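**Student:** Dropping a structure here in structure tokens format, bear with me for questions.
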Amino acid sequence: MVGMNVAKQFVVTSDMSNRTSMDNTATINYCVKCTRKIGWIGLFNSIVLTIFKGTVGIFARSHGLLASALYSVHDIFSSIAVLIGLKVAANPVDKKYPYGYGNIEYIVSVFASIFLLIATIYLTYKSATIFFSVSINKPPHWAAMVAGIISFASNEMIYNYNICSFKHTNSPAILLHSKHAHADALSSLAVGMAILGTMMGIPYLDPLVALFEAGHLIYTSVEILYHSSKGLMDHTINDNDVDSINSLLSDFPEIMEVTRIRSRQIGRKIWAELYLSFPHDKTIVELDGISRRIKKDLQGRMKHLGGVEVIYV
Amino acid sequence: MINQHCIKCGKRLVWIILAINLCLFIIDLLFAAISNSRSLLANALQSCTNMTLTIVVIVSLEIAKKRPDEKFPFGYGKIEFLSSVIISALLMLGAVFFIVFSFREMIFVGPEKPPQLIAILAAGISIVANQFAYKYGRCAGEKLESPAILANAMINSIDVISSFAVIVGVIGSNLGFSQFDHIISVLIAFVIIKITSEEIQKAFRGLMDFSLHAEEKEICALAGSIAGVKDVGGIKTRFVGRRIWINMDIAVPGAWALGKSLEFTDSIRNTILDNKNNVSGVTIQLVPYERRLT
Numbered sequence: 023m024v025g026m027n028v029a030k031q032f033v034v035t036s037d038m039s040n041r042t043s044m045d046n047t048a049t050i051n052y053c054v055k056c057t058r059k060i061g062w063i064g065l066f067n068s069i070v071l072t073i074f075k076g077t078v079g080i081f082a083r084s085h086g087l088l089a090s091a092l093y094s095v096h097d098i099f100s101s102i103a104v105l106i107g108l109k110v111a112a113n114p115v116d117k118k119y120p121y122g123y124g125n126i127e128y129i130v131s132v133f134a135s136i137f138l139l140i141a142t143i144y145l146t147y148k149s150a151t152i153f154f155s156v157s158i159n160k161p162p163h164w165a166a167m168v169a170g171i172i173s174f175a176s177n178e179m180i181y182n183y184n185i186c187s188f189k190h191t192n193s194p195a196i197l198l199h200s201k202h203a204h205a206d207a208l209s210s211l212a213v214g215m216a217i218l219g220t221m222m223g224i225p226y227l228d229p230l231v232a233l234f235e236a237g238h239l240i241y242t243s244v245e246i247l248y249h250s251s252k253g254l255m256d257h258t259i260n261d262n263d264v265d266s267i268n269s270l271l272s273d274f275p276e277i278m279e280v281t282r283i284r285s286r287q288i289g290r291k292i293w294a295e296l297y298l299s300f301p302h303d304k305t306i307v308e309l310d311g312i313s314r315r316i317k318k319d320l321q322g323r324m325k326h327l328g329g330v331e332v333i334y335v
Numbered sequence: 023m024i025n026q027h028c029i030k031c032g033k034r035l036v037w038i039i040l041a042i043n044l045c046l047f048i049i050d051l052l053f054a055a056i057s058n059s060r061s062l063l064a065n066a067l068q069s070c071t072n073m074t075l076t077i078v079v080i081v082s083l084e085i086a087k088k089r090p091d092e093k094f095p096f097g098y099g100k101i102e103f104l105s106s107v108i109i110s111a112l113l114m115l116g117a118v119f120f121i122v123f124s125f126r127e128m129i130f131v132g133p134e135k136p137p138q139l140i141a142i143l144a145a146g147i148s149i150v151a152n153q154f155a156y157k158y159g160r161c162a163g164e165k166l167e168s169p170a171i172l173a174n175a176m177i178n179s180i181d182v183i184s185s186f187a188v189i190v191g192v193i194g195s196n197l198g199f200s201q202f203d204h205i206i207s208v209l210i211a212f213v214i215i216k217i218t219s220e221e222i223q224k225a226f227r228g229l230m231d232f233s234l235h236a237e238e239k240e241i242c243a244l245a246g247s248i249a250g251v252k253d254v255g256g257i258k259t260r261f262v263g264r265r266i267w268i269n270m271d272i273a274v275p276g277a278w279a280l281g282k283s284l285e286f287t288d289s290i291r292n293t294i295l296d297n298k299n300n301v302s303g304v305t306i307q308l309v310p311y312e313r314r315l316t
């Protein structure tokens with residue numbers, strides 16, 4: 023079943039790389055469709071892997087594989103977050119939420135990462151007790167190693183798929199999910215290696231990997247929490263976007279000086295207030311023409327523009 | 023006008039309530055350990071919730087004082103919503119775990135000895151202290167017309183009720199209804215879930231940039247009353263912490279020169295800032311009247 027899943031992923035990814043070289047609008051349409059599917063595919067992948075790794079982990083007596091199954095449990099939660107985030111965040115701007123629903127993705131990410139942190143701390147505690155108390159007399163069965171490698175391949179596919187979608191949609195929830203898939207892939211690979219090690223005569227390698235994985239999960243969730251907190255605090259947009267706004271504004275000779283750009287990221291959308299100084303003898307009608315041209319150009323050049331205001335100084 | 027004495031009293035209030043909740047948390051926890059009463063433990067958890075939420079407000083108001091800078095061009099006001107969401111979520115999880123463990127104990131461990139009657143003493147102290155905090159908070163909240171202080175006072179009044187419930191639970195257990203103490207503790211944990219979920223809802227609106235309809239109307243009327251303003255449109259308001267941020271379009275005759283219009287926007291901005299004391303920033307976009315505002 024997992025093998026089939028992997029094969030399906032592979033077809034999708036290779037198809038996508040052909041598509042990106044095609045013309046722009048077709049790509050964007052394709053990406054919207056792809057992003058809609060991504061949550062469901064990720065969810066399906068994680069559920070299958072959780073059951074697979076969980077059962078093999080129990081029968082093959084591998085603590086590392088069980089910890090890795092917990093990675094997949096976390097993935098299930100993050101897939102659900104992606105689905106909720108995308109559904110609500112796609113709502114258009116309205117009276118109640120004049121800046122749109124973009125921030126919902128950050129909020130979902132905050133809750134997901136808090137949950138992740140608590141679950142991982144619990145997992146660390148459990149692995150530590152296993153590591154220090156249980157006498158390891160029987161090494162894990164080699165089947166656990168095969169399971170680890172299969173799960174690595176499957177997750178790596180999902181990761182590549184997600185990263186491609188993130189580049190085209192800028193969605194924080196998708197970034198979160200891609201990080202989960204990547205972490206899951208690496209954890210499965212580590213388990214495979216560890217079991218190879220135990221078979222070669224290093225028995226404590228398996229619970230050690232479980233502990234290490236817990237540490238890594240804590241790191242990932244703190245990173246996600248930090249990233250989404252910055253977004254919710256109205257952190258300014260990244261330098262690349264500021265640079266592209268600046269380069270566009272330099273095409274307008276009428277602007278005397280760009281006094282200030284005040285910007286913030288609302289989910290995947292960018293909102294900006296441009297403070298531009300103009301000669302004081304220009305009339306409002308003339309300036310309005312310029313500012314409308316600026317807005318139109320920005321809209322054309324930046325895919326994730328939520329709103330822009332031009333303020334004369 | 024608001025009495026000078028009341029303003030001073032309001033400033034002290036936060037610290038007094040914080041001290042009361044800290045003392046109650048310690049007393050409840052101590053007596054819960056001595057008397058083995060689950061409901062008193064839940065009551066301690068509730069005092070802890072109140073205390074933590076107060077600390078969140080104090081700390082974030084301090085951070086929110088920082089001026090806007092390169093990284094956070096709209097200021098640091100939103101830290102209050104963010105920290106409130108995170109802390110409330112943690113407290114809520116705590117309450118959920120408490121309920122789960124209570125049920126596990128009820129089902130698998132079964133009735134033990136009933137809690138000792140000394141727990142009633144702690145509950146009594148809790149009732150008196152919370153009643154005091156509630157009266158104090160209501161007085162200050164009504165005099166200063168602050169909904170935030172009034173909401174806080176309500177939390178104290180809920181604490182009074184749960185302390186009464188503790189007494190009922192302890193006496194009931196001793197009269198032979200062995201699970202009574204446990205059941206009351208679960209009920210109190212549900213109250214904590216309710217308080218924290220209300221906190222999360224409030225912060226959620228702030229984080230989502232919920233629009234402030236009443237404020238918008240008021241500001242529209244205010245700007246519209248200024249001589250020379252032809253039309254006001256595209257008004258958007260949102261909370262940045264305790265203060266609001268306003269984005270609006272003002273229509274002026276298209277033939278006006280920029281110099282004249284800028285003086286005009288300054289006067290509008292000053293009128294708004296003078297008349298409303300909770301405004302953090304006003305962004306005014308000028309539009310020629312000839313182009314219809316939406």
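Protein sequences, first through last, are from chains A and B.
First residue of the first sequence? That's 23 in our numbering, and the numbers climb one at a time after it.
First residue of the second sequence? That's 23 in our numbering, and the numbers climb one at a time after it.
Where is the CB? At the ideal position from N, CA and C, for every residue including glycine.
Note that this is a predicted model, so its numbers are computed, not measured.
Just confirm the distance between the C-beta atoms of V307 (chain A) and A277 (chain B), as a whole number of angstroms; I'd bet it's less than 8 Å.
**Tutor:** Rounded, the Cβ-Cβ distance is 7 Å, consistent with contact.
**Student:** Please identify, using Cβ separations under 7 Å, the residues of the region 252–276 of chain B that lie next to chain A, in order along the chain.
**Tutor:** Result list: K258, R260, N269, V274, G276.
**Student:** Among residues of its own chain, excluding the 5 on either side of P310 (chain B), which ones have a beta-carbon nearer than 8 Å to its beta-carbon?
**Tutor:** Within the same chain, P310 (chain B) has close Cβ partners A273, V274, P275, G276.
**Student:** Can you give me the Cβ contacts of C45 (chain B) inside the same chain, cut-off strictly under 8 Å, excluding the 5 residues immediately before and after it?
**Tutor:** If we look at C45 (chain B) and ignore the five residues flanking it on each side, its Cβ neighbours are A151.
**Student:** Tell me whether the region 307–318 of chain A and the region 292–300 of chain B touch, counting them as touching only if at least three CB pairs, one residue from each stretch, are closer than 8 Å.
**Tutor:** The region 307–318 of chain A vs the region 292–300 of chain B: no contact.
**Student:** Take L227 (chain A) and list the residues in its own chain whose beta-carbon comes closer than 7 Å to its own, dropping the five residues that flank it on each side.
**Tutor:** So the qualifying residues of the chain are A216, G219, T220.
**Student:** Take the Cβ of D265 (chain A) as the centre, count every other Cβ of all protein chains shown within 10 Å, and call the residue buried at 16 or more, exposed below.
**Tutor:** So D265 (chain A) counts as exposed.
**Student:** Can you pull the chain B neighbours of R315 (chain A), defined as C-beta to C-beta under 7 Å?
**Tutor:** The contacting residues do not exist; R315 (chain A) stays about 14 Å from chain B at best.
**Student:** With 8 Å set as the bound, which would you pick, yes or no: does the beta-carbon of V307 (chain A) sit closer than that to a beta-carbon of chain B?
**Tutor:** Output row for V307 (chain A): interface = yes.
**Student:** State whether the region 95–111 of chain B contacts the region 66–82 of chain B, with contact taken as three or more CB pairs (one from each stretch) at a distance under 8 Å.
**Tutor:** The region 95–111 of chain B vs the region 66–82 of chain B: in contact.
**Student:** Would you report the Cα separation of C53 (chain A) and F96 (chain B), rounded to the nearest angstrom?
**Tutor:** Distance between the alpha carbons of C53 (chain A) and F96 (chain B) is about 32 Å.
**Student:** List, in order along the chain, the chain A residues whose C-beta lies closer than 7 Å to that of T305 (chain B)?
**Tutor:** Chain A residues near T305 (chain B): E295, E331, I333.
**Student:** Let me know the secondary structure DSSP gives F261 (chain B) once reduced to three states.
**Tutor:** Correct three-state label for F261 (chain B): strand.
**Student:** Chain B beta carbons: is any one of them nearer than 8 Å to that of M324 (chain A)?
**Tutor:** With 8 Å as the cut-off, M324 (chain A) does not count as an interface residue toward chain B.
**Student:** From the DSSP output, which residues share a beta bridge with Q307 (chain B)?
**Tutor:** Note: Q307 (chain B) sits in a beta bridge opposite B:D271.
**Student:** Using 8 Å for Cβ pairs, my map puts N125 (chain A) next to D231 (chain B). What's the rounded Cβ distance?
**Tutor:** Contact flag correct, Cβ pair sits at about 7 Å.
**Student:** Output the boundary residues of the alpha helix (DSSP H) element that contains K282 (chain B).
**Tutor:** Unbroken alpha helix (DSSP H) run through K282 (chain B): 280–297.
**Student:** Excluding sequence positions up to five away, which residues of its chain have a Cβ less than 6 Å from the Cβ of K33 (chain B)?
**Tutor:** Correct list: empty, nothing qualifies.
**Student:** When the Cβ atoms of the region 56–67 of chain B are set against those of the region 130–150 of chain B, are three or more pairs found closer than 8 Å?
**Tutor:** Yes, they touch.
**Student:** Buried or exposed: S110 (chain B), going by 16 or more other Cβ atoms within 10 Å of its Cβ?
**Tutor:** Its Cβ being crowded by 16 or more others within 10 Å, S110 (chain B) is buried.
**Student:** Could you pull the DSSP bridge partners for R284 (chain A) from this structure?
**Tutor:** Per DSSP, A:E295.
**Student:** Would you tell me roughly how many angstroms separate the C-alpha atoms of V332 (chain A) and E127 (chain A), rounded to the nearest one?
**Tutor:** Approximately 27 Å, taken between the alpha carbons.
**Student:** Below 8 Å, can you find three or more Cβ-Cβ pairs linking the region 193–206 of chain A to the region 287–303 of chain A?
**Tutor:** Because the criterion of three Cβ pairs below 8 Å is met, the region 193–206 of chain A and the region 287–303 of chain A touch.
**Student:** Measuring only the C-alpha atoms, how far is R313 (chain B) from D310 (chain A)?
**Tutor:** Computed Cα separation, rounded: 9 Å.
**Student:** Determine which residues share a DSSP beta bridge with E279 (chain A) and list them.
**Tutor:** A:S299.
**Student:** Going along chain A in order, which residues have a C-beta closer than 8 Å to the C-beta of K93 (chain B)?
**Tutor:** Near K93 (chain B) (Cβ distances below 8 Å), the residues of chain A are H257, T258.
**Student:** Counting Cβ pairs closer than 8 Å, one from the region 115–124 of chain B and one from the region 199–211 of chain B, do we hit at least three?
**Tutor:** They touch, by the three-pair rule.
**Student:** Who are the neighbours of I277 (chain A) on chain B, taking C-beta pairs under 7 Å?
**Tutor:** Within 7 Å Cβ-Cβ: nothing; I277 (chain A) doesn't reach chain B, min ~12 Å.
**Student:** Spell out whether any CB of chain A is found under 8 Å from the CB atom of S302 (chain B).
**Tutor:** So no, S302 (chain B) is outside the interface.
**Student:** Just checking my contact of L308 (chain B) with Y334 (chain A) at CB under 8 Å: how many whole Å lie between their CB atoms?
**Tutor:** Confirmed, Cβ separation roughly 6 Å.
**Student:** Taking Cβ positions only, does V132 (chain A) come closer than 8 Å to chain B?
**Tutor:** Yes, because at least one Cβ of chain B sits closer than 8 Å to the Cβ of V132 (chain A).
**Student:** By the criterion of Cβ-Cβ separation under 8 Å, what are the contact partners of M230 (chain B) in chain D?
**Tutor:** Protein chains A and B are contained in the structure displayed, whereas chain D is not.
**Student:** Would S69 (chain B) pass as a contact of D203 (chain B) if the rule is Cβ separation under 8 Å?
**Tutor:** Not closer than 8 Å, so no.
**Student:** Does any CB atom of chain A fall closer than 8 Å to the CB of L280 (chain B)?
**Tutor:** It does: the Cβ of L280 (chain B) has a partner Cβ on chain A nearer than 8 Å.
**Student:** Taking Cβ positions only, does S285 (chain A) come closer than 8 Å to chain B?
**Tutor:** True, the Cβ-Cβ gap to chain B drops below 8 Å.
**Student:** Is there a Cβ of chain B sitting closer than 8 Å to that of L233 (chain A), yes or no?
**Tutor:** For L233 (chain A), the answer is no, since every Cβ of chain B falls outside 8 Å of its Cβ.
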